[in-house]
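Each remark here refers to the structure printed beneath this line.
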Amino acid sequence: MKKEDKNLIIEALGAQLNEYQHFYLTNIEGLDAQKTSDLRRACFKKDIKLVVAKNTLLQKALEKKGIDAEIFSALKGNTAVMLCNTGNAPAKLIKELTKGDKTGEAKPELKAAYVEETVYVGKQNLEFLSTIKSKNELIADIVALLQSPAKNVVSALQSGGNTIHGVLKTLGERAE
Numbered sequence: 028m029k030k031e032d033k034n035l036i037i038e039a040l041g042a043q044l045n046e047y048q049h050f051y052l053t054n055i056e057g058l059d060a061q062k063t064s065d066l067r068r069a070c071f072k073k074d075i076k077l078v079v080a081k082n083t084l085l086q087k088a089l090e091k092k093g094i095d096a097e098i099f100s101a102l103k104g105n106t107a108v109m110l111c112n113t114g115n116a117p118a119k120l121i122k123e124l125t126k127g128d129k130t131g132e133a134k135p136e137l138k139a140a141y142v143e144e145t146v147y148v149g150k151q152n153l154e155f156l157s158t159i160k161s162k163n164e165l166i167a168d169i170v171a172l173l174q175s176p177a178k179n180v181v182s183a184l185q186s187g188g189n190t191i192h193g194v195l196k197t198l199g200e201r202a203e
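Encoded structure:
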């Protein structure tokens, strides 16, 4: 491959890495055409972009983006990149696709991930990554927690107002 072609690929990979907030490096080696096609369809349904690239070109694109060198240890063998804007979506998809596997050799296999500006290396992080919440989910949880006491006060005032109104009405209608 010519140096100009490699530079074009590195630029394209860099643009894709900049377009998405999170990415997962996975091993899909050994998947036949049908399983690879199924994986691509599942990724498309979950708004995940699946890209296969040479490790050296991917490493150069990651270096240009300024990603921590710790992730480079995962760039061995066949590497597919899952790009997304929801941090836990690829982890949930990998977990779903490998559910029921007792051997631990099911594909896709997590090699490393870059989620919420943190690097996770190794498939032992899959469980944690599938439960991690995105910034938007955390903000929604905080807003719900902040609204909860106000809703309780309003509810208590409304129910108390109805009770007081009912008592006053009953007292007013009572014959003296």
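Heads up: the sequence shown begins at 28 in our numbering, then just goes up one per residue.
For each residue, glycine too, the CB sits at the ideal point set by N, CA and C.
Exercise for the section: In angstroms with no decimal places, state the Cα-to-Cα distance between V78 and M109. Expected result: As a first step, residue 78 must be located in the sequence shown, where it is residue number 51. As a first step, residue 109 must be located in the sequence shown, where it is residue number 82. Their Cα atoms are separated by approximately 7 Å.
Practice task
Taking all protein chains shown into account, decide if G114 is buried (16 or more other Cβ within 10 angstroms of its Cβ) or exposed.
Solution key: On the sequence shown, residue 114 is found 87 positions in, with the first residue counted as 1. Classification for G114: buried.
Handout entry: Selected residue, minimal CA-CA separation from K91, among K73, Q43, A133 and P117
Key = On the sequence shown, position 64 is the one that residue 91 refers to. If we check each option's Cα against that of K91, Q43 comes out closest.
Exercise for the section: Label I169 either buried or exposed according to how many other C-beta atoms from any shown protein chain fall within 10 Å of its C-beta, with 16 as the threshold for buried. Expected result: Here the question's residue 169 lines up with position 142 in the sequence shown. The residue in question, I169, is exposed, as its Cβ has fewer than 16 Cβ neighbours within 10 Å.
Practice task
Count the other C-beta atoms from every protein chain shown that fall within 10 angstroms of the C-beta of E144, then say buried if there are 16 or more, exposed otherwise.
Solution key: Reading the sequence shown from its first residue, position 117 is the one you call residue 144. Flag for E144 reads exposed.
Exercise for the section: Can you tell me which of A171, A177, A96 and L120 puts its alpha carbon nearest to the alpha carbon of Y141? Expected result: The residue given as residue 141 occupies position 114 in the sequence shown. If we check each option's Cα against that of Y141, A96 comes out closest.
Exercise for the section: Give the DSSP-derived three-state secondary structure of E136 in the structure shown. Expected result: Within the sequence shown, the letter at position 109 stands for residue 136. Three-state result, E136: strand.
Problem - Separation of K178 from N163, as counted between CA atoms - result: Here residue 163 refers to the residue found at position 136 when the sequence shown is read from its first residue. Here residue 178 refers to the residue found at position 151 when the sequence shown is read from its first residue. For N163 and K178, the distance between alpha carbons rounds to 22 Å.
Practice task
Taking only the alpha-carbon atoms, compute the straight-line gap between G41 and K138 and give it to the nearest angstrom.
Solution key: One-based indexing of the sequence shown puts residue 41 at position 14. One-based indexing of the sequence shown puts residue 138 at position 111. If I take the Cα positions, the gap works out to 20 Å.
Problem - Cα-Cα separation, L85 to G127 - result: Here the question's residue 85 lines up with position 58 in the sequence shown. Here the question's residue 127 lines up with position 100 in the sequence shown. Using only the alpha carbons, I get a separation of about 31 Å.
Practice task
Assign T106 to one of two classes, buried (16 or more other C-beta atoms within 10 Å of its C-beta) or exposed (fewer than that).
Solution key: The residue given as residue 106 occupies position 79 in the sequence shown. Buried, by the Cβ-count rule.
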